[in-house]
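S.K.: Structure below; questions to follow.
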Amino acid sequence: MFLNLIKNEIISGDCIPILKNQIEAESVHLIFSDPPYNLSGTNLDLRNNKTGGAFYKINEEWDKFNYNDYIKFTQEWLSGCYRVLLSNGSLYVSCTQHNIGEILTESRKIGFKLNNILTWYKTNAMPNITKRTFTHSTEFVCWFVKGKNWVFNYNDVKDFNPNRTKDGNKKQMRDFLDFIEIPIVQGQERIKGENGRAAHPTQKPEKLLELIILASSNINDLVLDPFFGTGTTGKVAANLNRNWIGIEKNNSYIEIAKERLKSKR
Ligand SMILES: C[S@@+](CC[C@H](N)C(=O)[O-])C[C@H]1O[C@@H](n2cnc3c(N)ncnc32)[C@H](O)[C@@H]1O
Numbered sequence: 465m466f467l468n469l470i471k472n473e474i475i476s477g478d479c480i481p482i483l484k485n486q487i488e489a490e491s492v493h494l495i496f497s498d499p500p501y502n503l504s505g506t507n508l509d510l511r512n513n514k515t516g517g518a519f520y521k522i523n524e525e526w527d528k529f530n531y532n533d534y535i536k537f538t539q540e541w542l543s544g545c546y547r548v549l550l551s552n553g554s555l556y557v558s559c560t561q562h563n564i565g566e567i568l569t570e571s572r573k574i575g576f577k578l579n580n581i582l583t584w585y586k587t588n589a590m591p592n593i594t595k596r597t598f599t600h601s602t603e604f605v606c607w608f609v610k611g612k613n614w615v616f617n618y619n620d621v622k623d624f625n626p627n628r629t630k631d632g633n634k635k636q637m638r639d640f641l642d643f644i645e646i647p648i649v650q651g652q653e654r655i656k657g658e659n660g661r662a663a664h665p666t667q668k669p670e671k672l673l674e675l676i677i678l679a680s681s682n683i684n685d686l687v688l689d690p691f692f693g694t695g696t697t698g699k700v701a702a703n704l705n706r707n708w709i710g711i712e713k714n715n716s717y718i719e720i721a722k723e724r725l726k727s728k729r
């Protein structure tokens, strides 16, 4: 039996064999993928670092690859996504300047067509510690499609735009661009561990998922996230009356996501 006959569940394990063998081909309407960026293991290039140790923005085992392995990994999960996506489905991939090149090159080889690159401007980005480059304050979300009949809910995206005309009416789309300002997750939304620190280093903002799910899926559609983490995609999909499937290989994150998904909103 294919696993996606069971909806609204987290599948535990490596997403690559699961996407290749266990999810029915052409069965998913929308995929949001927030893969490892391969940023870990490289410390920040701090001049005159007197802290006694290397300084990392993120340093997680699941985020460490040598370069060739990272390319192979990227090819494999992208091909798995291509396989399970419906012909009118959409794949959104979150990335930064560090891996956008690999994502764009490998997705093109597989047959994906790029529709947009959304820029997420992080209004509370980390300060510029090295003082050796411009401050990094953006991430990207690449929107890929397989065919020509993709879903784009123009009116829902228009409603999503909080800006209004002087008369209080909805604004035209030219005011709402491929650019969105959202802070890095903080406050109530940030899931914390017992030590009071962030339970996951890369929890994505619900607002970002809301925009993507509203734009590229319809009620009762199936939304899949192969790198589920804390379950942000599942939570927002459920709130918007979509079905979802999450794949995650780390059991402690699965527990966090299960707890989070118990409550709506
Ligand atoms: C960038 S995080 C995703 C965070 C998520 N978007 C959220 O809002 O919480 C990537 C996640 O993928 C998981 N992961 C890494 N490699 C995986 C693989 N091959 N299969 C399944 N999960 C994987 C990691 O454990 C991590 O939780």
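In the working numbering, the protein residues as written are 465 to 729. Yeah, the Cβ is synthetic: ideal placement off N, Cα and C, and Gly gets one too.
Pick helix, strand or coil for Ser-551, following the three-state DSSP scheme.
M.R.: In this structure, Ser-551 counts as strand in the three-state DSSP scheme.
S.K.: Return the bridge partner residues of Tyr-585 from the DSSP annotation.
M.R.: Answer by DSSP bridge pairing, in chain order: Thr-602, Glu-645.
S.K.: Quick one: complete beta strand (DSSP E) runs, 3+ long, within the segment 648–725?
M.R.: Here the runs fully enclosed are 686–689, 707–712.
S.K.: Would the beta-carbon of Cys-479 be found less than 7 Å away from any heavy atom of ligand 1?
M.R.: Cys-479 Cβ: within cutoff of ligand 1.
S.K.: Since Pro-690 and Ile-470 are thought to touch, with beta carbons under 8 Å apart, how far apart are those beta carbons, to the nearest angstrom?
M.R.: That belief does not hold up - the Cβ atoms of Pro-690 and Ile-470 are roughly 16 Å apart, past 8 Å.
S.K.: If the criterion is Cβ atoms closer than 8 Å, does the pair Ala-626 and Ile-646 meet it?
M.R.: Reading the sequence as shown, one finds Pro at residue 626 and not Ala. No, the Cβ-Cβ distance between Pro-626 and Ile-646 is not below 8 Å.
S.K.: Just to confirm, are Lys-577 and Val-609 a CB contact at a threshold of 8 Å?
M.R.: Yes, the Cβ-Cβ distance between Lys-577 and Val-609 is below 8 Å.
S.K.: List the endpoints of the continuous beta strand (DSSP E) containing Glu-570.
M.R.: It is not in any beta strand (DSSP E) - Glu-570 instead sits in the alpha helix (DSSP H) that spans 564–574.
S.K.: If distances are taken between C-alpha atoms only, which option among Lys-573, Ile-648, Ile-567 comes closest to His-600?
M.R.: Here the closest residue by C-alpha is Ile-648.
S.K.: Touch check for the segment 693–703 and the segment 714–725: three-plus C-beta pairs under 8 Å?
M.R.: Because the criterion of three Cβ pairs below 8 Å is met, the segment 693–703 and the segment 714–725 touch.
S.K.: By the 10 Å Cβ neighbour count, where 16 or more other Cβ atoms means buried, how is Asp-743 classified, buried or exposed?
M.R.: A question about residue 743 goes unanswered here, because the residues of the chain that appear run from 465 up to 729.
S.K.: With a threshold of 7 Å, establish whether the CB of Thr-602 neighbours any heavy atom of ligand 1.
M.R.: Incorrect: Thr-602 has no Cβ contact closer than 7 Å to ligand 1.
S.K.: Taking C-alpha atoms, which residue in Leu-503, Leu-641, Asp-533, Asn-619 lies nearest to Thr-438?
M.R.: This structure leaves residue 438 out entirely; the chain is present only between 465 and 729.
S.K.: Alpha carbon to alpha carbon, how far is Thr-629 from Ile-474? Give it in angstroms, no decimals.
M.R.: Cα to Cα, the separation comes out at about 42 Å.
S.K.: Name the one or two DSSP bridge partners that Glu-473 has.
M.R.: According to DSSP, which records beta bridges pairwise, Glu-473 is partnered with Ile-709.
S.K.: Measure the beta-carbon distance from Asn-552 to Trp-614 and round it to whole angstroms, keeping in mind my assumption that it falls under 8 Å.
M.R.: With 8 Å as the limit, Asn-552 and Trp-614 qualify as a contact, their Cβ atoms being about 6 Å apart.
S.K.: Could you please give the first and the last residue of the uninterrupted alpha helix (DSSP H) stretch that includes Val-615?
M.R.: Neither: Val-615 is in no alpha helix (DSSP H) and is coded neither H nor E.
S.K.: Within 7 Å: the Cβ of Asn-619 and any heavy atom of ligand 1?
M.R.: Not under cutoff, so the answer is no.
S.K.: Is Tyr-717 a contact residue of ligand 1, with contact defined as CB to any heavy atom under 7 Å?
M.R.: Flag set: Cβ of Tyr-717 near ligand 1.
S.K.: Are Val-548 and Val-492 close, meaning C-beta to C-beta below 8 Å?
M.R.: Cβ distance < 8 Å, so Val-548 and Val-492 count as in contact.
S.K.: Where does Leu-483 sit, in a helix, a strand or coil, going by DSSP?
M.R.: Three-state result, Leu-483: helix.
S.K.: Could you give the first and the last residue of the continuous beta strand (DSSP E) run that contains Ser-497?
M.R.: That run of the beta strand (DSSP E) goes 492–497.
S.K.: Tell me whether Asn-714 counts as near ligand 1, meaning its Cβ is closer than 7 Å to at least one heavy atom of that ligand.
M.R.: Yes - ligand 1 has a heavy atom lying nearer than 7 Å to the Cβ of Asn-714.
S.K.: Would you tell me roughly how many angstroms separate the C-alpha atoms of Gln-650 and Glu-566, rounded to the nearest one?
M.R.: Cα-Cα distance, rounded: 29 Å.
S.K.: Given the structure, does Thr-560 come close to ligand 1, in the sense that its CB is under 7 Å from one of the ligand's heavy atoms?
M.R.: Flag unset: Cβ of Thr-560 not near ligand 1.
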